[in-house]
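Comments concern the structure below.
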Amino acid sequence: MNAPRQGGAGTPRRYGVLIVGAGFSGIGMAIRLRQRGEEDFVIYEKEAGFGGTWWVNQYPGCACDIPSHLYSFSFAPNPGWTRRFSAQPEIRDYLIDCAERHGLGAYTRFNTSVKSLRWLEEQSLWEITDERGETVHARVVVTGTGALSMPRAPDIPGIERFRGRIFHSQRWAHDYPLAGKRVGVIGTGASAIQFIPAIQPQVAKLVVFQRTAPWIIPKLDRVFSVAERKLLHAAPWLQKLLRGAIYTAVEARVLGFVFQPRLMALHRFLALTLMRCQVRDRALRRRLTPDYAIGCKRILISNDYYPAIAQPNVELVTSDILEITEDALVTRDQVRHPLDALILGTGFSANSLFPRGMIFGRQGRDLLDAWPQGPEAYKGTTVAGYPNLFLLMGPNTGLGHNSIVYMIESQIAYVLGALDAMAGQGLASVEVRPQAQQRFNDQLHGRMRGTVWSRGQCQSWYLHPQSGRNVALWPGLTWVFRRQTRRFDTEAYCLKPKLAEQHQSHEQPIQACRQEEVV
Ligand code: NAP
């Protein structure tokens with residue numbers, strides 16, 4: 018690839034690849050491009066810095082629940098992780114460091130939010146318009162926007178009337194001191210169980226509104242000593258070994274999630290034992306005990322959530338929320354809970370991946386209209402009707418048991434394969450065949466049937482609200498996904514040659530899509 022083409026007067030500037038988002042996916046993709054000597058790409062990032070979710074989520078106690086030696090790029094090992102499960106600032110700094118080492122600052126437009134992506138059929142290009150109205154073109158678009166970037170505010174009557182401070186965990190109000198305040202928290206998911214223990218000692222009163230109790234198992238965290246870090250630094254093979262060992266250990270958990278849900282009994286035992294050791298009050302334990310199959314929502318890890326909930330300044334409310342007034346939250350049992358501040362730990366709109374009105378493919382079709390049953394893609398990455406568009410962390414690439422970075426790296430290899438095929442065969446576009454996408458998804462959702470996510474009766478952000486399909490998770494071994502994405506399988510794609518190649522060739526264009534194949 019060459020340097021980006023400067024658009025002439027009135028012609029938008031043109032890039033080979035435009036990457037949306039500078040989190041793990043976008044940074045990983047860009048590093049891989051740079052390592053191949055490519056320069057014709059740009060990253061659009063809506064925030065002011067690198068890190069994606071680890072830049073935005075800055076709530077107290079924010080940390081990762083996958084060991085850092087695995088939750089990091091295989092091509093950028095970090096012997097300096099200070100603990101097993103690193104906290105948000107350390108992960109953000111790691112990502113910033115990775116980006117800076119590869120000079121990605123020069124390729125990134127910060128504070129630039131993509132408003133729309135529109136496929137231009139005639140030119141076989143994507144037209145990208147940002148929020149300021151500026152337009153550029155790109156041959157290929159790679160989205161790295163993550164599955165959990167759009168905060169979800171609860172639809173509770175009266176929420177707009179609340180006069181106290183209200184904010185979502187993803188947009189923590191660091192300017193608002195919580196000390197001495199009466200604070201309400203809605204939600205007891207992965208984010209809330211991290212920030213509740215962090216704020217509980219400061220606040221006068223903490224009222225936790227729990228709709229569904231989470232399953233929580235012990236967090237086997239520990240600090241790495243200076244000597245250990247030096248050793249890993251001196252012996253990169255040892256770090257590789259450690260990464261491999263962690264991968265094998267966490268991958269083994271898939272047996273219970275996917276193949277033998279009976280094995281989840283071990284997790285259940287751990288969770289109940291943790292609760293029994295940390296919560297003495299039987300009545301409180303009863304209310305903290307989940308009533309659904311363990312694993313069908315994300316299993317959480319924490320050593321300090323239950324002790325925090327058991328403190329005298331904390332009240333666990335399990336009655337449904339009825340309404341919010343100017344200064345209180347009222348529950349179905351007619352109790353009024355006066356509050357100075359309300360924190361929404363209510364998660365994200367995870368099952369649409371993109372907002373409506375953002376991505377328009379062939380014939381101007383909104384991507385969300387192509388997904389009436391919820392997001393689906395071929396190998397989690399490409400969608401029929403949306404040529405030259407690659408979705409990192411796309412549909413069914415999420416994991417309940419292992420590191421998402423492993424999946425992202427698999428997808429990046431697949432995208433690089435696509436770029437090689439395009440360059441090597443002189444292609445203007447690649448578009449997955451609808452039949453290939455359909456077959457892939459039929460098999461995937463067939464495998465989903467016996468898993469713990471489908472057996473339990475619980476609701477989770479993994480499931481699409483209308484179809485009930487699990488559109489978030491990969492139902493299987495991660496190395497199987499890696500194997501499937503190792504090679505870009507052109508036979509599953511409609512390949513459109515560039516105009517010049519088409520004219521030079523006397524033969525039919527290679528595997529071009531027939532009109533009836535096009536969605
Ligand atoms: P979440 O897991 O979706 O939890 C949202 C919580 O809010 C749930 O307890 C939910 O109850 C509750 N809720 C939502 N709407 C409500 C309403 N209208 N009334 C009452 N309660 C309501 O969201 P999250 O905690 O932000 O985590 C989302 C995902 O982010 C996680 O699953 C995880 O993948 C990721 N995450 C990861 C880490 C990490 O350590 N790596 C940390 C944080 C987040 P219900 O369960 O009843 O719906």
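Each residue of the sequence shown is one higher than the one before, starting from 18 at the first, in this note's numbering.
C-beta atoms are modelled at their ideal positions from N, C-alpha and C, and glycine is treated no differently.
Being a predicted model, the structure only gives us computed values, none of them experimental.
So P77 and I216 are in contact, right, with Cβ under 8 Å, and what is the actual spacing, rounded?
About 6 Å; that satisfies the 8 Å criterion.
What span of residues does the alpha helix (DSSP H) with A401 cover, start to end?
Counting along the chain, A401 falls outside any alpha helix (DSSP H), and DSSP gives it neither H nor E.
Would you please state the rounded distance, in angstroms, between the beta carbons of V158 and L333? I believe it to be under 8 Å.
Not really, about 45 Å apart at Cβ, beyond 8 Å.
Which residues in the same chain have their Cβ closer than 8 Å to the Cβ of N330, if we skip the five residues on either side of it in sequence?
The answer, listed in chain order, is Q217, V220, A221, K222, L223.
Taking the alpha-carbon positions, what's the L255 to S420 distance?
Spanning the two alpha carbons is a distance of roughly 19 Å.
Given that a residue counts as buried once 16 or more other Cβ atoms are within 10 Å of its Cβ, and exposed if not, what is E448?
Classification of E448: buried, given that the 10 Å Cβ count is 16 or more.
To the nearest angstrom, how far is the alpha carbon of S85 from that of P253?
One C-alpha to the other measures close to 15 Å.
Can you name the residues that DSSP bridges to I60?
I36, T125.
Among the candidates G66, I263, V59, D344, whose CA atom is the shortest distance from the CA of Y111?
The candidate whose alpha carbon is nearest that of Y111 is G66.
Measure the CB-CB distance between S336 and R349 and report whether it falls below 9 Å.
Yes, the Cβ-Cβ distance between S336 and R349 is below 9 Å.
For T152, which of helix, strand or coil comes out of DSSP?
T152: strand per DSSP, three-state reduction.
Enumerate in chain order the residues of its own chain whose CB-to-CB distance from L516 is below 8 Å, with the five nearest sequence positions on each side excluded.
For L516, where only same-chain residues beyond five positions count, the Cβ hits under 8 Å are A445.
Could you tell me whether the stretch 225-240 touches the stretch 301-318, using the rule of 3 or more Cβ pairs below 8 Å?
Yes, the stretch 225-240 touches the stretch 301-318.
Can you tell me whether A209 sits near the ligand NAP, meaning its C-beta is under 8 Å from at least one heavy atom of the ligand?
A209: yes, Cβ under 8 Å from the ligand NAP.
Thinking C-beta only, is P392 closer than 9 Å to P412?
In contact: P412 and P392 (Cβ atoms closer than 9 Å).
Short of 6 Å in beta carbon distance, which residues of its chain neighbour Y423, apart from the five on each side in sequence? Order them along the chain.
The residues are T495.
So, are the CB atoms of Q52 and H154 less than 9 Å apart?
Contact: no.
Among V59, I360, Q442, I341, which one has its Cα closest to the Cα of R353?
Per the Cα distances, I341.
Using a Cβ-based criterion (distance less than 8 Å to any ligand heavy atom), does G204 qualify as near the ligand NAP?
Yes, Cβ of G204 sits closer than 8 Å to a heavy atom of the ligand NAP.
Three or more C-beta pairs under 8 Å: does that hold for the stretch 371-390 against the stretch 192-203?
No: the two stretches stay apart, fewer than three of their Cβ pairs being nearer than 8 Å.
Can the beta-carbon of F457 be found closer than 9 Å to that of Y431?
It is not a contact, given that the beta carbons lie outside the stated cut-off.
Which partner residues of R100 appear in the DSSP bridge assignment?
According to DSSP, R100 bridges with V240.
CA-CA distance, T70 and G40?
Computed Cα separation, rounded: 7 Å.
Helix, strand or coil: which one does DSSP assign to A310?
Coil at A310, not helix or strand.
Write down every uninterrupted run of the beta strand (DSSP E) in the stretch 384-440 whose length is 3 residues or greater and which is fully enclosed by it, in chain order.
Those beta strand (DSSP E) runs which fall completely within the stretch 384-440 and span 3+ residues are 406-408.
Where do the N-terminal and C-terminal ends of the beta strand (DSSP E) with Y322 fall, by residue?
No beta strand (DSSP E) contains Y322, which is instead part of the alpha helix (DSSP H) from 322-326.
What separation, rounded to the nearest whole angstrom, lies between the Cα atoms of S133 and Y88?
Taking the straight line joining both Cα atoms gives about 31 Å.
Does the Cβ of E148 have 16 or more other Cβ atoms within 10 Å, making it buried, or fewer, making it exposed?
Classification of E148: exposed, given that the 10 Å Cβ count is below 16.
DSSP three-state label for F614, please.
Residue 614 lies beyond the stretch modelled for the chain, which goes from 18 to 536, so this question has no answer here.
Please determine if the stretch 451-465 and the stretch 487-506 are in contact, where contact requires at least 3 C-beta pairs separated by less than 8 Å.
The stretch 451-465, when compared against the stretch 487-506, does touch it at the 8 Å Cβ threshold.
For G68, count the other beta carbons within 10 Å of its own beta carbon; 16 or more makes it buried, fewer makes it exposed. Which is it?
By the 10 Å Cβ count, G68 comes out buried.
For F212 and R100, which I take to be in contact (beta-carbon distance under 8 Å), what is that distance rounded to the nearest angstrom?
Incorrect: roughly 18 Å between the Cβ atoms, too far for contact.
Which value, in whole angstroms, describes the spacing of the CA atoms of R169 and I203?
R169 and I203: Cα-Cα distance of roughly 12 Å.
Any heavy atom of the ligand NAP inside 8 Å of the beta-carbon of W478?
Checking the Cβ of W478 against the ligand NAP gives yes.
Cα separation between L557 and S427?
The chain is shown only over 18 to 536; residue 557 falls outside these bounds and no answer can be derived.
Considering only their Cβ atoms, is the gap separating S103 from N405 smaller than 9 Å?
It is not a contact, given that the beta carbons lie outside the stated cut-off.
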